[in-house]
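Only one structure is covered here, and it is reproduced in the block below.
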């Protein structure tokens, strides 16, 4: 049998070897490297022969050798596997040491960690119901579920979102104005590609969601921090600092992270500024669904009669983040431009998830789940507030926010909040330092804590005690007026 | 009942109206706008009252009015819906005219169009088997399926890909070197964020995949087109034009779109250049699985002993594009830097799809499906080649490529290939003009045609005849030596 380069990875010592020995070696290396693990099934000889365009005999010969030496074991019709016995015998050689993350990753594939931010109550998600809806979509999925998803998003989901926003958020929009994106970051990315000119200025709430900073500055924007006070974004300060900014990113319902609402006069001032300058307001309505006191304010977008507001919402907080589903509502005059960019970027989520969420909305499961979560979160928030008050007394200032999914605990300490957060994280508490959310100097000191996965009062007390033990050594002072 | 701004969208005529009338109006507008469609279910009164923090009586009053006027119909326990009768009665006012795409979108949510590129055979996808595997993963999904997916990708899938690449592509890599991305574009994006400095030069095959151009230039790269000939990328020309380029993007298995393989001497020359310059080779191995003649060449990555090759593969071509799953293999020394960026970008696919593909690979379904598709595509390709030859004779030059999922049909015509393609597209044939794949001047003229969804010889003949009728009016010349 002639040897040619094309068969296998050309390892020098193998150049003179017959094909079956080369294949044998490839398997041995894969097993030694840990790429094939004890118990893994190997391809059927006939399938592998077809795949590599080798003769069946060549593959059989290699497999016989591997079986004979105990690397593989045959289970007859159930296939051939890497021997489970090898687990003990082989020192598995890792080709690379696993890369240690620099800090506990926010997006870790596990969870929830105690006090972790931005996660809904995972124990309360109606998984069976979700599995049923998705299973049905899975079985019914036609060709549309196999090809590239429509660039602007699943038509049924866009329709369902437009209906939901009309009733619940007071936003009158046509489904064509709705774009489904794979997360909030992807929404910003789509805006960036459609509307941003390099060097454009952008107001950002100070403090504000740090992830947005990164995406926006990568899009070429010059970021201008604008303070928030008890009424939300200080629009007058924004105008004084950068009257000609082309963008403003705001969280009017619950300021992220401090939690206050943008007052009506501020809303009107912001819209007037945007209308006058023909600037764009990006409304991040990330957790508007969670309000525990009073009625939800309509979205800022509902006041936007001149088409200056780009509205974004997400299913990460009301269903689960693993969905990777967010949406963007753009003014009618911008639909064409956004559709063009969406078709270019095609940064979308699989059809199955989109169709399943559409079903969940249309069948009323979404509204029912939301109502349950509002009751639950109100309770869980209260547990954590009470536990922290009992444990820390005057040494923490807890925000009186009407909604959201986390508490802001203001504090005074000789140590910075980054140090305190690090200590707490080392104790398994996934708090975040408030100062990290500031772009400029003068950051307030505090800790952000998610309460959505606090299971009961006892867990709240235990978490509060662990937090106290982790950070009290640094001498927290009574807070007084905070910040 | 006191009126406050916070209840509903403040429409001027509604300011003095009681709450139930405002809610009633909101529904009427939603129905008139088409946001609520005839037959749509509306929220249960109790759920909506809780959601909007209105009293149950307010919502009931609004619903009674809507029922009384025939906007809604009650189905008792089955819920309340927008009246199906409205379909005929209402002139549905669309808030925005749907944006007409400028050209037939590649990623359209439907398909396949005749001769469409880049799609696998949708009729031959083992949907039942896939539904079973995915249904199992759906039911078994624990907390990990709800939270943010691991930034680098599902551990089981990375393991399965490393095993697959070891056996099938001769690539020795540890699962830690594998990064799962939501498509090839997302792979390039991750590379861009990790390694690109603005102003870096990048060799691109000429002609080459046009989508890559866009992503790479957005990443800040200066693109340098480098010709391909019968042996693939002309490495000497690349060195002459831009010796100090930091990147080269190549499709060594089947050049995209022309189909030739990069010869062994060229592979060695390319690697030598990259090693000397400490430059990066991005290997796009997008359809290496489809080869119908001879044995598959090992990946260029398998020759990369100094860690200069970034290898990308995708499941779009072998399973289906709706998955949005691609992968990137980076050298061990780069794992940490890529992991850091992946955690920042978190541009990933849902856990469910990743876990399902892992199952599909581990249980041998993937290898079996691949083998079936190889046989099928070989047949379908032959049908289309024969039909085109019969219909066009000397007027088309068909590429003799050993693999891939499309044909290149070279041609000579007074009209440009863009004009011809437009005529064919108007006749429902989704061909693409070859010249579009060139960055610089001197483009060869031709049409690209996908053959994977040609169902039989009769369909091939019919498609060839329709193509002939659409473009022969423009006086195709015998091709002779092409290009």
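Residue numbers (the working numbering), protein chains in the order written: chain A, 1 to 483; chain B, 1001 to 1483. Even glycine gets a Cβ: it sits at the ideal position worked out from N, Cα and C.
Proximity to residue 173 of chain A across B:1437, B:1032, B:1387, B:1472 peaks at B:1032, based on C-alpha coordinates.
Across the set A:312, A:426, A:216, A:423, the C-alpha of A:312 shows the shortest separation from the C-alpha of residue 287 of chain A.
In this structure residue 1236 of chain B is exposed. Its beta-carbon is surrounded by fewer than 16 other beta-carbon atoms within 10 angstroms. For the region 1026-1038 of chain B, the residues whose beta carbon sits under 8 angstroms from a beta carbon of chain A are, in order, 1026, 1027, 1029, 1030, 1033, 1034, 1035, 1036, 1037. Beta-bridge partners assigned by DSSP to residue 1081 of chain B: B:1041, B:1073. The three-state reading of DSSP puts residue 310 of chain A in strand, counting E and B together. Residue 363 of chain A sits close to residue 1041 of chain B, with the two beta carbons spaced by under 9 angstroms.
Rounded to whole angstroms, residue 275 of chain A and residue 242 of chain A show a C-alpha spacing of 15 angstroms. Each residue's CA atom was taken as its position, placing residue 1121 of chain B and residue 294 of chain A some 55 angstroms apart. Interface with chain A (9 angstroms Cβ-Cβ cutoff): residue 1131 of chain B is included. Listed along chain A are 40, 41, each with a C-beta nearer than 9 angstroms to that of residue 1362 of chain B. As a beta-bridge residue in DSSP terms, residue 1327 of chain B pairs with B:1180, B:1313. Proximity of residue 148 of chain A to chain B, defined by a Cβ-Cβ separation below 9 angstroms, is satisfied. Here residue 352 of chain A has 134, 137, 138, 141, 145 as same chain residues with Cβ atoms under 8 angstroms from its own Cβ, once five neighbours each way along the sequence are excluded.
Contact between residue 129 of chain A and residue 357 of chain A fails: their C-beta atoms lie close to 13 angstroms from each other, not under 8 angstroms. With a cut-off of 8 angstroms on Cβ pairs, the region 1430-1441 of chain B is not in contact with the region 1386-1393 of chain B, counting fewer than three such pairs. Within the region 236-296 of chain A, the runs of beta strand (DSSP E) at least 3 residues long that lie entirely inside it are, in chain order, 247-250, 280-284. C-alpha of residue 455 of chain A to C-alpha of residue 165 of chain A: approximately 31 angstroms in a straight line. A direct Cα-Cα distance of roughly 48 angstroms separates residue 1250 of chain B from residue 449 of chain A. Rounded to whole angstroms, the gap between the alpha carbons of residue 1263 of chain B and residue 1232 of chain B is 7 angstroms. When secondary structure is reduced to three states using DSSP, residue 23 of chain A falls in the helix class.
Ranking A:55, A:343, A:51, A:472 by CA distance to the CA of residue 1211 of chain B puts A:343 first. Within chain A, 47, 50, 51 have C-beta atoms less than 8 angstroms from the C-beta of residue 1371 of chain B, given in sequence order. Proximity of residue 1225 of chain B to chain A, defined by a Cβ-Cβ separation below 9 angstroms, is not satisfied. Per DSSP, reduced to three states, the secondary structure at residue 1202 of chain B is strand. For residue 1422 of chain B, the three-state secondary structure derived from DSSP is helix.
Burial check for residue 324 of chain A: the Cβ neighbour count within 10 Å reaches 16 or more, so the residue is buried. By the 16-neighbour rule on beta-carbons within 10 angstroms, residue 74 of chain A is exposed. Proximity to residue 1468 of chain B across B:1435, B:1483, B:1480, B:1425 peaks at B:1425, based on C-alpha coordinates. Shortest Cα-Cα distance from residue 1221 of chain B to any of B:1228, B:1207, B:1200 involves B:1200.
Residue 1370 of chain B and residue 1317 of chain B have their C-alpha atoms spaced approximately 10 angstroms apart. Against residue 1244 of chain B, chain A offers no close residue; the least beta-carbon distance is about 26 angstroms (beta-carbon pairs closer than 9 angstroms).
C-alpha of residue 1292 of chain B to C-alpha of residue 179 of chain A: approximately 41 angstroms in a straight line. A straight line joining the alpha-carbon of residue 198 of chain A with that of residue 224 of chain A spans about 14 angstroms. Residue 477 of chain A is not a Cβ neighbour of residue 435 of chain A, given a cutoff of 9 angstroms. Among the CB atoms of chain B, one or more fall inside 9 angstroms of the CB of residue 167 of chain A.
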